[in-house]
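Residue numbers for the sequence shown follow the numbering used here, beginning at -9 and rising by one. Note that the Cβ used here is the ideal one computed from N, Cα and C, for glycine as well. Worksheet for the structure shown next.
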Amino acid sequence: MLDAAAMDTREVRERTPVLSPLETGATSLLPEPAAAEAAPAATPSGPPPPLPPGREQRLLMPSTPWQTPLVATHSGREGARVLVLGGVHGNEPGGWLAAESVAEWEPSAGSLLVIPRANVVATRAFERTFPDLGDLNRLYPGAEDGALPMARMAASIIRVVREFEVDLVLDMHESWGFYLERGANTGTAFIGQTVTRGDGPLPEAFVRDAVSAVNTLITPREELTFRGRLPQPAPGATPSPGFGGQPGGRSTSSLSIGTHVPGVTAILVEMGQIEQAESRRRDLHMLLAREILTRHGVL
Ligand SMILES: [Zn+2]
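As structure tokens, this is what we get:
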């Protein structure tokens, strides 16, 4: 943990102002979505103008126990803006190790933003999370004044998505069992090696094709399964907790980000931990991230 003085210095150094969509004068010619909630930021129809090239780092929730870096690398060229999340759950190291490596990649177009350890306290403890922190992947869109720190972190992440006009969120997780080996097991413990797409404009075929391309590069056991869109529970059914479904059907996982910020699509990846080395889980996350970022024109 940084001492207070070091933290202050770091915070000042890393707090680089970036113009918000409103300040850059971005406007939308698109019609307002029906029943738009709380008038989300306008979504430009094309890529936003490029941000000045270079890498900036800032802290989310600075000067708190939950402060964690956001690394933003801008190519200086027009293109997509992707946000990669790792460490949303602290006992899923394959995801945050991959995210830390992705944070060092250089985009050839657009911008690459990475929050390698979104729940940094949980990653240090190697626990999924703690009750007094809350589960970040059940708290979107969060609340700036939420009682739970991870509700405030969810709000910080949504703010980053809006400010940088992110169009794709890639959230790296781990499960225990492999989905194709689940047998009669259901729920979050057996969704390893799956890729799920949330609401948003990114075509399903984009994700499906990226998964297929990666599957040609890996072993049969490692094969990834595309699980389609965010599964909606049947009317009256008790929703699976797998992706944050809640009674009433509204998801609060990262897959719901596209329902809160127009123009964004989230992809949630789960690697299986059972009999699969941590380094391999990390590498598989990176392989899929590279495929998605390349197809999306960022690498
Ligand atoms: Zn997780």
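- Within the DSSP bridge table, the entry for F168 names G182 as partners.
- By the beta-carbon neighbour count (other beta carbons within 10 angstroms, threshold 16), F116 is exposed.
- R285 and F196 do touch by the CB rule: their CB atoms are close to 7 angstroms apart, below 8 angstroms.
- With respect to the 9 angstroms criterion, W166 and G190 are not classified as neighbours on the basis of their beta carbons.
- Here F154 is not bridged, per DSSP, to any residue.
- Closest option to P97, judged by alpha-carbon separation, among P106, G76, L245, G44: G44.
- Assignment of R107 by DSSP, reduced to helix, strand and coil, places it in the coil class.
- The alpha carbon of S243 has as its nearest neighbour, out of Q57, R71, P83, G124, the alpha carbon of G124.
- Here the alpha carbon of L207 sits roughly 38 angstroms from the alpha carbon of A141.
- When rounded, the separation of the alpha-carbon atoms in R217 and R187 is 7 angstroms.
- Apart from the 5 residues on each side of it in sequence, L75 sits with its Cβ closer than 6 angstroms to the Cβ of I105, A108, D161 in its chain, given in chain order.
- Counting of Cβ neighbours within 10 angstroms places S202 among the exposed residues, the total staying below 16.
- Cβ atoms of L103 and V156 come within 8 angstroms of each other, at about 7 angstroms.
- The C-beta distance from G84 to R271 rounds to 3 angstroms, short enough to meet the 8 angstroms contact threshold.
- Inter-residue distance for S91 and L60 is about 13 angstroms (C-alpha atoms, whole angstroms).
- Here I282 is buried. Its C-beta has 16 or more other C-beta atoms within 10 Å.
- At least one heavy atom of ligand 1 is found less than 8 angstroms from the C-beta of N127.
- Distance check between I147 and each of R118, L73, G100 places L73 closest, using alpha-carbon atoms only.
- Bounds of the beta strand (DSSP E) holding P59 are 58 to 64.
- Within the chosen limit of 8 angstroms, ligand 1 reaches the beta carbon of V78 through at least one heavy atom.
- Between L49 and L277, the alpha-carbon positions lie close to 27 angstroms from each other.
- Less than 9 angstroms separates the beta-carbon of E82 from that of R118.
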